[in-house]
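Chemist: One structure, as structure tokens, below. Some questions next.
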Amino acid sequence: AVRLTQSPSSLSASVGDRVTITCRASQGVSSALAWYQQKPGKPPKLLMYDAFTLDGGVPSRFSGRGSGTNFTLTISSLQPEDFATYYCQQFNSYPPFTFGPGTKVDI
Amino acid sequence: EVQLVESGGGLVKPGGSLRLSCVASEFTFSRYAMHWVRQAPGRGLEWVASISTSNTYIYYGDSVKGRFTISRDNAKNLLYLQMDSLRVDDTAVYFCARVRDPRYFDAAGALDVWGQGTLVTVSS
């Protein structure tokens, strides 16, 4: 089964900062990777699919890159509403449709 | 508004059973593959199971295989998760979610619509 790791597991940042989160797969997943944002007590929200395609309504300050085993999610200028936990998920080799362990972004 | 609403959660003893339901509204449910994802208290997301549009492709996570059964009723816009032989470590909020692109009929696609979740607590 494909394993996903994320780094860092948590980070502290300030409004306006540029933030990059990394997701690494134990084997290549092509570009079949999604990123989600989750706030406490809420369901996850899809940010990006196919590694770098923004879902509808997602601000352009979010961007994704990568293919194969290494992926990044970047927030170009962190906003107050971006403080949340971010997860990657792969869809190339399944089952399972593995999630990464998450990266918590706080102030 | 496109929506998913879960129900059926609650408190159950170890070894017991529960059936979760997820009702879909404002989209053509039969065209979309669906997933169940869970989240234990204070933990990350764990994929549980998925089902294709016509029940051809059904997949389970290793931790629930042989105990949980995913199914759907396209006529009623309902997704189900039958959970048997429940264990304490099945305690979690269970979310149903829709695969974004109906072309991914086997469920291998990103999840764009999520329910609010239903809490399952397994405890004696």
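Quick mapping for you: the protein sequence lines, in order, are chains A and B.
For the first sequence, my numbering assigns the number 36 to the initial residue and increments by one for each residue that follows.
For the second sequence, my numbering assigns the number 4 to the initial residue and increments by one for each residue that follows.
Just so you know, even glycine gets a beta-carbon here, dropped at the ideal spot from N, CA and C.
Remember, it's a predicted structure, so these values are computed and weren't measured experimentally.
Distance, Cα to Cα, Ala-110 of chain B vs Val-51 of chain B?
Modeler: The residue given as residue 110 of chain B occupies position 107 in the second sequence. The residue given as residue 51 of chain B occupies position 48 in the second sequence. Going from the Cα of Ala-110 of chain B to the Cα of Val-51 of chain B covers about 13 angstroms.
Chemist: Would you give the residue range spanned by the beta strand (DSSP E) that Tyr-71 of chain A belongs to?
Modeler: Counted from its first residue, the first sequence places residue 71 of chain A at position 36. Residues 68-73.
Chemist: Excluding five sequence neighbours on each side, which residues of the same chain lie with their C-beta closer than 6 angstroms to the C-beta of Tyr-62 of chain B?
Modeler: Residue mapping note: residue 62 of chain B aligns to position 59 of the second sequence, counting from 1. Answer for Tyr-62 of chain B: Ser-53, listed in chain order.
Chemist: Between Asn-127 of chain A and chain B, is the shortest Cβ-Cβ distance under 9 angstroms, so that the two count as touching?
Modeler: Taking the first residue of the first sequence as position 1, residue 127 of chain A is located at position 92. It does: the Cβ of Asn-127 of chain A has a partner Cβ on chain B nearer than 9 angstroms.
Chemist: Between the C-alpha atoms of Tyr-71 of chain A and Thr-104 of chain A, what's the straight-line distance to the nearest angstrom?
Modeler: Stepping through the first sequence from its first residue, residue 71 of chain A is reached at position 36. Stepping through the first sequence from its first residue, residue 104 of chain A is reached at position 69. Tyr-71 of chain A and Thr-104 of chain A: Cα-Cα distance of roughly 18 angstroms.
Chemist: What is the DSSP secondary structure of Arg-22 of chain B, counted as helix, strand or coil?
Modeler: Residue numbering aside, residue 22 of chain B sits at position 19 when the second sequence is read from its first letter. Note: Arg-22 of chain B maps to strand in three-state DSSP.
Chemist: Can you tell me where the beta strand (DSSP E) holding Ile-142 of chain A begins and where it ends?
Modeler: Start at 1 with the first residue of the first sequence, and residue 142 of chain A comes out as number 107. Here Ile-142 of chain A belongs to no beta strand (DSSP E), and DSSP marks it neither H nor E.
Chemist: For Tyr-35 of chain B and chain A, any beta-carbon pair shorter than 9 angstroms?
Modeler: Locating residue 35 of chain B in the second sequence gives position 32, where the first residue counts as 1. Chain A contact via Cβ: absent.
Chemist: In whole angstroms, give me the CA-to-CA distance for Tyr-60 of chain B and Cys-99 of chain B.
Modeler: Taking the second sequence and counting its residues from 1, one reaches residue 60 of chain B at position 57. Taking the second sequence and counting its residues from 1, one reaches residue 99 of chain B at position 96. About 17 angstroms.
Chemist: Along chain A, which residues have their Cβ under 8 angstroms away from the Cβ of Arg-103 of chain B?
Modeler: What you label residue 103 of chain B is simply residue 100 of the second sequence in a count that begins at 1. Simply Leu-81, Tyr-84, Asp-90.
Chemist: When you compare each of A:Arg-59, A:Phe-126, A:Ala-48, A:Val-64 to Gln-41 of chain A by their alpha carbons, which one comes out closest?
Modeler: Residue mapping note: residue 41 of chain A aligns to position 6 of the first sequence, counting from 1. Nearest option by C-alpha distance: A:Arg-59.
Chemist: Could you tell me whether any Cβ in chain B is nearer than 9 angstroms to the Cβ of Gln-62 of chain A?
Modeler: Here the question's residue 62 of chain A lines up with position 27 in the first sequence. No - not a single Cβ of chain B is within 9 angstroms of the one on Gln-62 of chain A.
Chemist: Val-91 of chain B CB to nearest chain A CB: under 9 angstroms?
Modeler: To locate residue 91 of chain B, count along the second sequence from 1; it is residue 88. No, because no Cβ of chain A sits closer than 9 angstroms to the Cβ of Val-91 of chain B.
Chemist: When DSSP builds the beta bridges, which residues end up paired with Asn-105 of chain A?
Modeler: Within the first sequence, numbered from 1, the residue matching residue 105 of chain A stands at position 70. For Asn-105 of chain A, which the question treats as bridged, DSSP gives the partners A:Arg-59, A:Ser-102.
Chemist: Any idea what DSSP makes of Val-50 of chain A, helix, strand or coil?
Modeler: Along the first sequence, one-based indexing puts residue 50 of chain A at 15. Coil at Val-50 of chain A, not helix or strand.
Chemist: Would a C-beta distance cut-off of 9 angstroms place Leu-114 of chain B and Pro-79 of chain A closer than the cut-off?
Modeler: Within the second sequence, the letter at position 111 stands for residue 114 of chain B. Within the first sequence, the letter at position 44 stands for residue 79 of chain A. In contact: Leu-114 of chain B and Pro-79 of chain A (Cβ atoms closer than 9 angstroms).
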